[in-house]
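Engineer: I have a structure here, written as structure tokens, and I will follow up with some questions on it.
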Amino acid sequence: MSRIAVLKGGRSLERQVSLRSGARVQDALERLGHDVLSIDVGVDLIRRLRAEPLDAAFVALHGRDGEDGTVQELLEILGLPYTGSGVLGCSRAVDKALAKHLMHEAGIPTPEFFAFTQTAFRELGAGEALPAIEERLRFPIVVKPSSQGSALGIKFAGTADDVPAALVAAFSYDARVVLERHVEGRDLAVSVLDGADGAEALPVVEAVPRSEDFYDFEARYEIGRTEFVCPADLPDTVAERARELALAVHSLLGLHAFSRVDLMLDADGELFVLEANPIPGLTDTSLLPQAAEAAGVDFDQLVARILELAFERAPASRA
Amino acid sequence: MSSSRKPPSRSTSRDLERYADLFAARTRVMKSSAMRDLMAVTARPEIISLAGGQPDTSTFPPSTFASITARIAEQSCARALQYGPTEGLDETKDCIVQVMAAEGMHADREDMLVTTGGQQVIDLVTKTLVDPGDVIVAEGPTYPGAVPVFHAYQADVVQIDMDSDGMRVDLLEDTLDRLEREGRRPKFIYTVPTFQNPAGVTMSLPRRRRLVEVAAQRELLVLEDNPYGLLRYEGEPLPPLYSLDGGVFVMYLGTFSKILSAGLRLGWVVAPAPVLEKINLGKQEADLCTSTLSQLMVQAYFEEFDWRDYVTSLTGIYRARRDVMLEALAESFPAQAQWTRPQGGLFVWATLPSYIDTTDLLARALRENVAFVPGSAAYLDGRGRSSMRLNFSGAGDDDVREGIRRIGEVIKEQVALYGTLTGERPAVRVEAPGADEGEESGRVVEMPRRRSGGRRAGGA
């Protein structure tokens, strides 16, 4: 039995999802016989982690601070083993622009894109390049904050007139935004789980909106609004290719223990990687737990495996 | 870890799929998540929240509270701990009669039913009158707390634009004509005529008269929601719809939440006898009766103290805060913003240029530790995206001023960015000189219709 701190909540916009992930992880850890200290992350985080002897931290945070390497950096300083990816992996994955550049360089298909900071528009006149960008990407264009994990701030620009407002919206969340070619098609997710024999890509999950009218990004978090098909009904070659891509991205970005890679499958059967999530949701409607279950790994086993991997990596690699 | 703790239950996603199949169809239209996720962050202590609708309960004298509870303990302990009649206690109804009389209304005990807050009235009336697909007519924007109720009963809500004189009754009539041609009869018209939540505007007397006439001519029920009527900071009171109509077609919703305590959860409904009978059945089924303890607290309070004194003191506090907010708005918001100037109630409604989405703006504002309610929460049809509701009763003067300053900064930032992106100089507010001050500015609550194909996501 170990004493495990479950880090959840915090100030991120995904606070609510994180609280649910954290609560579920906590239950699983208790069933596994561990002693759990639950922490809603705030200014007293370091104090609380230092206040008592702990064996590890389970990071069930999503979004800013929790998923971008910040909390991981603090845990490195404390020398406390922690779950999931390290500082560098988190930093790479959470920055969509950086991750897409790396994928592009490595030959992993990702929708064509451009990324800009507010400064580029304010001080370097990037606005004047917009027509050229629009010509390259073609409408509709997806405009999104570079480092926002949830659906918030993602807009579709159908025409050039929509682009400035979409940019203003995306800049509400981040200093950098990504303009990306929109891939029309099927919405797939492949979760990756490290194990004794290396990383394993779990069965592909497809998110199918129940009602076309109501489908939006939010629906992913809601029971009953989106149907998740796992394993997705795909030709074997496509499913295999999706899993290969997910493994390649997991390794390329230096992710550890687990991750979820989101992809689009277009009408021509081409796959495109949109992004990788270093700490995907662990709620009852989340995709990673569903995929794990389809692979015969139930939630408790999943949590046990993730915790084991944290201990295996310890002592902190970057002393 | 204590051994008495309930063992954590197992749940797998397969179980959840099973639950999902059991959910009623009406749960599918319940909106939420993104907005709820944002609002979850607003509850943190470091945030100045102008998002709530909370009355300030800090000035209620603890000694008064103590003497009320002591009196109940002495005189009616057993009764306070017991169930009561579904329709409410007569003693409480006598207090309600007094409150209604203070606004020029006459009602008898038999005409009313005491409820668990005003919110329950909206629920019970909708439950009593609305089948899935039935039409409810409401103001646009409407009370955000009514939206989930209307969703839950699968109502088709038609929202009527407002201006500085409240609901545009001419547009209402056009809409009623159109609905009639379509063979659809609205089950009721929901309105907050006085210091509307969220718009802050008040329906003018001619419109009140006309609305009551229209209801009578067409034999349509109106639900008049009046939580704020007694919180007037300037101007002459206007007669409630209920007093103009005499309770024939107007159902009246009142509450103690804003004049005494929201924590008591005590409201009431006055309705025509046949409707009240059905509401009574609905109430029985929902919760048997309203808290007897709460009802006796109101009675004790009304008998031992002058409830009007407390309302007067609240009015003084809120008037000052409203003025602080209006001053801060004039100082801090850019020229492109417009807002209402409420004569009472708890809210100001501000509208920004159409290229600013206030849900995204809220995310930005939260980084500056300040929160408001995005306008889309007050619409069922996707409008309101560039508006926001600002509450001035729940935060202190300094927080109101500072909160508005911070929101103003992030708006200015976005206005400037948009200007840079479009290569345009930010437009200056176009306004006839002298058309503004001292009046509730009209166009502010008229929202543009959402363009089709707006933000629907095809994937990604």
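Chains A and B, in that order, give the protein sequences. With the first letter of the first sequence counted as 1, position 191 gets the number 631 in the numbering used here; the numbers rise by one all the way through. With the first letter of the second sequence counted as 1, position 211 gets the number 197 in the numbering used here; the numbers rise by one all the way through. Every residue gets a Cβ at the ideal spot worked out from N, C-alpha and C, and that includes glycine.
Assuming G131/B and V100/B make a contact with CB atoms under 8 Å, what is their CB distance in whole Å?
Structural biologist: Not quite, the Cβ-Cβ distance comes to about 19 Å (not below 8 Å), so this is no contact.
Engineer: For the stretch 373 to 409 of chain B, which segments carrying the beta strand (DSSP E) assignment without a break, of at least 3 residues, lie completely within its bounds, in sequence order?
Structural biologist: List check, beta strand (DSSP E) in window: 373 to 377.
Engineer: Thinking A597/A and I581/A are a contact (beta carbons under 8 Å), I'd like their distance in whole angstroms, please.
Structural biologist: With a contact defined as Cβ atoms closer than 8 Å, A597/A and I581/A qualify at about 5 Å.
Engineer: Going straight from the alpha carbon of E568/A to that of V669/A, what length do you get?
Structural biologist: 44 Å
Engineer: Measuring CA to CA, which of Q182/B, A201/B and I265/B is closest to G215/B?
Structural biologist: Q182/B
Engineer: Which residues in the same chain as L197/B place their Cβ atom closer than 6 Å to its Cβ, once the five residues preceding and following it in sequence are excluded?
Structural biologist: V155
Engineer: Touching or not, the stretch 320 to 333 of chain B and the stretch 179 to 193 of chain B, by the rule of three or more beta carbon pairs under 8 Å?
Structural biologist: yes
Engineer: Spatial neighbours of A314/B within its chain, please: C-beta separation below 6 Å, excluding the five flanking residues on both sides.
Structural biologist: R387 and I390
Engineer: Counting only runs of 3+ residues fully inside the stretch 153 to 188 of chain B, write out the beta strand (DSSP E) ranges in chain order.
Structural biologist: 174 to 177
Engineer: Less than 8 Å between the beta carbons of W254/B and I82/B, yes or no?
Structural biologist: yes
Engineer: Run down chain A in chain order and give the residues with a C-beta less than 7 Å from the C-beta of I502/B.
Structural biologist: The structure shown does not extend to residue 502/B, since chain B is modelled only from -13 to 446, so the question has no answer here.
Engineer: Report yes or no: is there a C-beta of chain A within less than 8 Å of the C-beta of G409/B?
Structural biologist: yes
Engineer: Consider the Cβ of P412/B: report whether some Cβ of chain A lies at a distance smaller than 8 Å.
Structural biologist: Here the model assigns P412/B a pLDDT of 47, short of 50, so the residue's position is not dependable and the matter cannot be decided.
Engineer: Name the two residues that bound the continuous beta strand (DSSP E) containing S762/A.
Structural biologist: Here chain A has residues from 441 to 759 only, and residue 762/A is not among them.
Engineer: E317/B to A124/B, Cα distance in whole Å?
Structural biologist: 33 Å
Engineer: Provide the residue span of the alpha helix (DSSP H) that contains E89/B, from first to last.
Structural biologist: It is not in any alpha helix (DSSP H) - E89/B carries neither H nor E in the DSSP assignment.
Engineer: In angstroms, rounded to a whole number, what distance separates the CA positions of P571/A and P549/A?
Structural biologist: 24 Å
Engineer: How many Å lie between V121/B and G70/B at the Cα?
Structural biologist: 34 Å
Engineer: I want to verify the contact list: residues of chain A whose CB lies under 9 Å from the CB of D449/B, in sequence order.
Structural biologist: The question about residue 449/B has no answer, for chain B in this structure spans -13 to 446.
Engineer: If you measure between the beta carbons of V256/B and Y228/B, is that distance less than 8 Å?
Structural biologist: yes
Engineer: Would you give the residue range spanned by the alpha helix (DSSP H) that I594/A belongs to?
Structural biologist: No alpha helix (DSSP H) contains I594/A, which DSSP labels as neither H nor E.
Engineer: According to DSSP, is R435/B part of a helix, a strand, or is it coil?
Structural biologist: Residue placement at R435/B is poorly supported in this model, since its pLDDT is 37, which falls under 50; the coordinates still yield a value, given next. Looking at R435/B - three-state DSSP - the assignment turns out to be coil, as it is neither helix nor strand.
Engineer: In angstroms with no decimal places, state the Cα-to-Cα distance between P192/B and K244/B.
Structural biologist: P192/B and K244/B: Cα-Cα distance of roughly 27 Å.
Engineer: Counting only C-beta atoms, is R455/A closer than 8 Å to chain B at any point?
Structural biologist: yes
Engineer: Which stretch, first to last residue, makes up the alpha helix (DSSP H) that contains Y228/B?
Structural biologist: L227 to D231
Engineer: Cutting at 6 Å between CB atoms, please list the residues of its own chain near T28/B, excluding the five before and the five after it.
Structural biologist: Once the five neighbours on either side are set aside, the close Cβ partners of T28/B are S35, A37 and A357.
Engineer: Would a check of beta-carbon distances place L24/B closer than 8 Å to chain A?
Structural biologist: yes
Engineer: Please classify Q140/B: does DSSP put it in a helix, a strand, or coil?
Structural biologist: coil
Engineer: Is the CB of F553/A under 8 Å away from at least one CB in chain B?
Structural biologist: False, the Cβ-Cβ gap to chain B never drops below 8 Å.
Engineer: Using a beta-carbon distance below 8 Å, is A497/A in contact with chain B?
Structural biologist: no
Engineer: So which residues on chain A does L403/B lean against when the C-beta distance must stay under 8 Å?
Structural biologist: Q558, F561, R562, L607, V608 and F611
Engineer: Is V645/A buried or exposed, if buried means 16 or more other CB atoms sit within 10 Å of its CB?
Structural biologist: buried
Engineer: Using the Cβ count rule (16 or more neighbours within 10 Å means buried), how would you classify V648/A?
Structural biologist: Its Cβ having fewer than 16 others within 10 Å, V648/A is exposed.
Engineer: Considering Cα atoms alone, identify which of M86/B, D76/B, G302/B and A138/B is closest to G232/B.
Structural biologist: Distance from the Cα of G232/B is smallest, within the candidate group M86/B, D76/B, G302/B and A138/B, for M86/B.
Engineer: Out of A26/B, A11/B, F9/B and F51/B, state which residue places its alpha-carbon closest to the alpha-carbon of L279/B.
Structural biologist: F51/B
Engineer: Let me confirm a value: C275/B is counted as buried when at least 16 other C-beta atoms fall within 10 Å, else exposed. Which label applies?
Structural biologist: So C275/B ends up on the buried side.
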